[in-house]
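Heads up, the thing below is written out as structure tokens.
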Amino acid sequence: MIPLRDDNPTTLTPVVTVSLIVLNCLVFLYQLSLGPAEERFILSFAAVPAEWFHPGTVVGDPAVPAAVTVLTSMFLHAGLLHLGGNMLYLWIFGNN
154 MIPLRDDNPT
164 TLTPVVTVSL
174 IVLNCLVFLY
184 QLSLGPAEER
194 FILSFAAVPA
204 EWFHPGTVVG
214 DPAVPAAVTV
224 LTSMFLHAGL
234 LHLGGNMLYL
244 WIFGNN
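So the sequence shown is numbered by our numbering: it starts at 154 and just counts up by one.
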């Protein structure tokens, strides 16, 4: 059921894919190291729908524009299984 590889062989090293996986893991480790401040970090950098659909609503840090959270939210993960699953699929389908 869960793919472990694809049938599209590559000859080049997937530098961008490996970089994204490493960056995601580093952000997750940083997120874990925050302790009680983790919730504020997530609210500041997650894409919160209320900030998009109700202009003027600020849930996280007002210094982080809502448009930026579209990119930063891609590096936030709820747990190890979430991170592992996303990185597995990124590796399988992003290496070519």
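Glycine included, every Cβ here is placed at the ideal spot set by N, Cα and C.
Query, Result
"Should residue 187 be labelled buried (16 or more other beta-carbon atoms within 10 Å of its own) or exposed?", "exposed"
"Under a three-way DSSP split, which group does residue 187 fall into?", "coil"
"Which full runs of the alpha helix (DSSP H) of 4+ residues lie inside the region 159–209, going along the chain?", "168–186, 191–198 and 202–206"
"Under DSSP, the alpha helix (DSSP H) around residue 150 begins and ends at which residues?", "The shown model of the chain, from 154 to 249, leaves out residue 150, and the question about it has no answer."
"With H, G and I counted as helix, E and B as strand and the rest as coil, what does DSSP make of residue 245?", "helix"
"Nearest-angstrom Cα distance between residue 175 and residue 169?", "10 Å"
"So, residue 248 versus residue 167, is the Cβ gap smaller than 8 Å?", "yes"
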